[in-house]
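Everything below concerns the one structure shown next.
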Amino acid sequence: MQVIDHFNLRSFDLNLLVAFDAMMEEMSVTRAARRLKIQQPAMSHNISTLRTLFQDELFIRVGQVMKPTTRALNLSGPVRQALRQAQAAVLIADAFDPATERRTFRLGLSSEVELLLLPDLTARLRDIAPGIRILARGGDAREIEAMLDSGVVDLSVGCSYLPDSRHHCEPLYQSSILCCFNPQLLKLSGPVSLDAYMAAQHAVISQTDSLHGCVKDALEHAGAELDVVAAAPDFMSILATARSSAVIATVSSRIALRYGPLLGLEVSPVPLALSFPPVAMVWPLQMDSDLGCAWLRQQIRDAMIRKDESDLADIEV
3 MQVIDHFNLR SFDLNLLVAF DAMMEEMSVT RAARRLKIQQ PAMSHNISTL
53 RTLFQDELFI RVGQVMKPTT RALNLSGPVR QALRQAQAAV LIADAFDPAT
103 ERRTFRLGLS SEVELLLLPD LTARLRDIAP GIRILARGGD AREIEAMLDS
153 GVVDLSVGCS YLPDSRHHCE PLYQSSILCC FNPQLLKLSG PVSLDAYMAA
203 QHAVISQTDS LHGCVKDALE HAGAELDVVA AAPDFMSILA TARSSAVIAT
253 VSSRIALRYG PLLGLEVSPV PLALSFPPVA MVWPLQMDSD LGCAWLRQQI
303 RDAMIRKDES DLADIEV
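Under my numbering, the first residue of the sequence shown carries the number 3, and numbering increases by one thereafter.
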């Protein structure tokens with residue numbers, strides 16, 4: 003492969019090649035100037051500069067018309083090819099057609115978002131972008147910046163809200179929780195009272211070495227302590243635990259509403275005022291201008307605006 007001499011090329015105004023190509027097409031300084039939307043004196047200056055650079059007249063008048071020299075004819079093919087390649091490169095940078103694109107996007111998803119986003123996003127893409135593939139990767143908040151930095155993932159969606167990060171961070175929705183239990187095993191009825199909630203044994207989400215997991219900080223802020231008997235990083239395992247054990251599973255509101263009833267669990271508000279960081283979308287600065295990633299971010303925004311938000315408002319009143 004031929005090496006590009008950037009040092010020498012930087013002193014050459016590549017716009018002169020555009021002027022040369024226009025002149026080859028029109029064989030008229032006036033018409034070439036009109037094609038380039040410049041004044042005729044500017045076009046004449048371009049031709050003069052080209053003659054100096056190539057040490058050749060390039061275009062000579064024969065009677066009433068202009069004719070290219072042999073040097074100009076030899077240049078015309080390579081110059082036209084170079085301009086076509088440059089044009090193709092510019093158009094590729096500005097084009098993204100989801101209907102025809104074939105590309106795999108790598109997403110870092112929290113366990114909550116994986117269950118909420120992946121089914122809806124996949125269904126959406128099958129309809130409008132059949133060539134797009136999604137590779138989901140798990141990763142907690144402590145790992146996500148390193149994954150973004152290294153390019154392991156193109157973007158992340160989860161509770162890893164990083165407002166001071168060097169990456170772009172866009173909150174999608176405010177996190178909240180509900181509790182689920184098997185009414186056949188735990189003789190409760192909703193809404194669960196504070197006394198019943200505090201007296202029960204619990205299963206919670208944990209992606210760390212803490213038994214109290216994701217609700218630890220919120221519980222401490224509320225001055226409460228639960229009797230946690232099971233903790234796991236996956237929401238479905240916690241819901242399955244509540245289905246087969248006399249425990250209350252405290253999970254994301256959206257997870258509870260979508261999957262709790264499927265497992266025969268009753269869903270109830272949590273009788274404690276607990277606050278959590280928002281679920282956010284995070285992506286590297288270098289992906290900001292990528293049209294494909296920008297399109298995917300919009301699909302994620304649309305997919306996360308679900309009808310169960312209204313259901314959630316009803317149950318938490």
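No residue lacks a Cβ here, since even glycine has one placed at the ideal position from N, Cα and C.
Remember, predicted model here, so these are calculated numbers, not experimental data.
Per DSSP, which residues does THR252 bridge with? Please list them. On the sequence shown, position 250 is the one that residue 252 refers to. CYS181, VAL206.
Beta-carbon contacts of ALA305 that lie in its chain and below 8 angstroms, excluding the five residues immediately before and after: Sequence index remark: in the sequence shown, residue 305 carries index 303 (1-based). So the qualifying residues of the chain are LEU119, ASP122, LEU123, ARG126.
Using the beta-carbon count (16 or more within 10 Å), is GLU114 buried or exposed? The sequence position of residue 114 within the sequence shown is 112, counting from 1. When all chains shown are included, GLU114 counts as buried.
Pairwise C-alpha distance: SER277 and PRO271: For the purposes of this step, residue 271 is identified with residue 269 of the sequence shown, where counting begins at 1. For the purposes of this step, residue 277 is identified with residue 275 of the sequence shown, where counting begins at 1. Cα to Cα, the separation comes out at about 13 angstroms.
With DSSP collapsed to three states, give me the class of LEU16. Along the sequence shown, one-based indexing puts residue 16 at 14. Coil, per DSSP.
Let's test the definition: count the other Cβ atoms within 10 Å of the Cβ of ASN48 and tell me whether it reaches 16, buried, or not, exposed. Position 46 of the sequence shown holds residue 48. Result: buried.
Rounded to the nearest angstrom, how far is the Cβ of ASP156 from that of PHE107, given a contact under 8 angstroms? On the sequence shown, position 154 is the one that residue 156 refers to. On the sequence shown, position 105 is the one that residue 107 refers to. Right, the Cβ-Cβ distance comes to about 5 angstroms (below 8 angstroms), so this counts as a contact.
Classification of GLN209 by the beta-carbon crowding that lies within 10 angstroms, buried from 16 upward: In the sequence shown, residue 209 corresponds to position 207, counting from 1. Buried: at least 16 other Cβ atoms inside 10 Å.
Restricting to Cα atoms, I'd like to know which of SER30, ARG33, PHE98 is closest to CYS295. The count along the sequence shown starts at 1 and reaches residue 295 at position 293. For CYS295, the nearest C-alpha among the options comes from PHE98.
Would the beta-carbon of LEU85 fall within 8 angstroms of that of VAL159? In the sequence shown, the residue the question calls residue 85 occupies position 83. In the sequence shown, the residue the question calls residue 159 occupies position 157. Taking 8 angstroms as the Cβ cut-off, LEU85 and VAL159 do not qualify as a contacting pair.
To the nearest angstrom, how far is the alpha carbon of VAL31 from that of VAL81? The residue given as residue 31 occupies position 29 in the sequence shown. The residue given as residue 81 occupies position 79 in the sequence shown. Going by the C-alpha atoms only, they are around 18 angstroms apart.
Continuous alpha helix (DSSP H) stretch holding MET289: start and end: Within the sequence shown, the letter at position 287 stands for residue 289. Here MET289 belongs to no alpha helix (DSSP H), and DSSP marks it neither H nor E.
Quick one: what's LYS69 bridged to in DSSP? Along the sequence shown, read from residue 1 onward, the residue named residue 69 stands at position 67. DSSP lists ILE62 as partners of LYS69.
Buried or exposed for ASP197, please, with buried defined as at least 16 other CB atoms from any protein chain shown within 10 angstroms of its CB. For this step, residue 197 is matched to residue 195 along the sequence shown. Label assigned to ASP197: exposed.
Check whether the Cβ atoms of ALA400 and LEU188 lie closer than 8 angstroms to each other. In this structure the chain extends from 3 to 319, so residue 400 is not present and cannot be described.
Using 8 angstroms as the threshold, is the C-beta distance between ILE130 and ALA101 below it? On the sequence shown, position 128 is the one that residue 130 refers to. On the sequence shown, position 99 is the one that residue 101 refers to. Result yes, Cβ atoms of ILE130 and ALA101 sit closer than 8 angstroms.
DSSP state of ILE302, grouped into three classes? As a first step, residue 302 is located in the sequence shown; it is residue number 300 there, counting from the start. Helix at ILE302.
Secondary structure of VAL31, DSSP reduced to three states: On the sequence shown, position 29 is the one that residue 31 refers to. In the structure shown, VAL31 sits in a helix (DSSP, three-state: H, G or I).
Whose C-beta lies closer than 7 angstroms to the C-beta of GLN176 among residues of the same chain, with five residues either side of it excluded? By 1-based counting over the sequence shown, the position of residue 176 is 174. Same-chain partners within the cutoff: PRO280.
Sub-8 angstroms separation of VAL253 and CYS161 beta-carbons: Mapped onto the sequence shown, residue 253 falls at position 251. Mapped onto the sequence shown, residue 161 falls at position 159. No; because the gap between Cβ atoms is not below 8 angstroms, this pair is not in contact.
When you compare each of CYS171, ASP236, LEU267, GLY65 to ARG299 by their alpha carbons, which one comes out closest? The sequence position of residue 299 within the sequence shown is 297, counting from 1. The shortest C-alpha separation from ARG299 is found at CYS171.
Taking the beta carbon of ASP23 as the centre, do at least 16 other beta carbons fall within 10 Å, making it buried, or is it exposed? What you label residue 23 is simply residue 21 of the sequence shown in a count that begins at 1. So ASP23 ends up on the buried side.
Taking the alpha-carbon positions, what's the MET25 to ALA90 distance? For this step, residue 25 is matched to residue 23 along the sequence shown. For this step, residue 90 is matched to residue 88 along the sequence shown. Those two C-alpha atoms are separated by around 21 angstroms.
What residue range does the alpha helix (DSSP H) around SER158 cover? For the purposes of this step, residue 158 is taken as the residue at position 156 of the sequence shown. Premise fails: SER158 lies in the beta strand (DSSP E), 157-160, not in any alpha helix (DSSP H).
Neighbour-count burial assignment, LEU283, 16 or more Cβ in a 10 Å radius: As a first step, residue 283 must be located in the sequence shown, where it is residue number 281. First, the residue type needs correcting, since residue 283 is Met and not Leu in the sequence shown. By the neighbour-count rule (16 or more Cβ atoms within 10 Å), MET283 is buried.
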